[in-house]
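Residue numbers (our numbering): 10 to 132. Note that the Cβ used here is the ideal one computed from N, Cα and C, for glycine as well.
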């Protein structure tokens with residue numbers, strides 16, 4: 010075997026290895042990746058273990074409180090929409106016809122004064 014044949018075989022082998030590597034990379038990018046969920050840090054030794062554990066407990070309690078407050082806010086908004094809808098469709102809300110009646114009533118009862126025009130002398 011000459012050097013040319015050895016170089017040609019090495020080149021072909023390199024191309025084949027590179028092709029397999031590219032195919033494996035493509036396959037791994039198409040397959041779904043496993044989800045990695047964070048694990049809470051629990052120190053077993055050290056002076057700060059209790060402090061960190063208490064802080065984690067407080068954080069969990071605050072998350073629960075925030076969730077309950079969000080649920081209450083959603084309920085309040087639903088009640089608000091319901092009340093607005095009921096008021097809008099009730100007889101208590103002023104309708105445009107009621108407003109025109111009131112304007113007519115007050116215009117008859119309290120007519121606007123006549124407009125004053127200035128004379129040339131300013132009097």
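Tell me the DSSP secondary structure of residue i in three-state form.
{"i": "residue 46", "result": "coil"}
{"i": "residue 37", "result": "helix"}
{"i": "residue 77", "result": "helix"}
{"i": "residue 65", "result": "helix"}
{"i": "residue 94", "result": "helix"}
Evaluate the contact criterion for the segment 61-73 versus the segment 37-52: three or more CB pairs, one atom per stretch, below 8 Å.
-> yes
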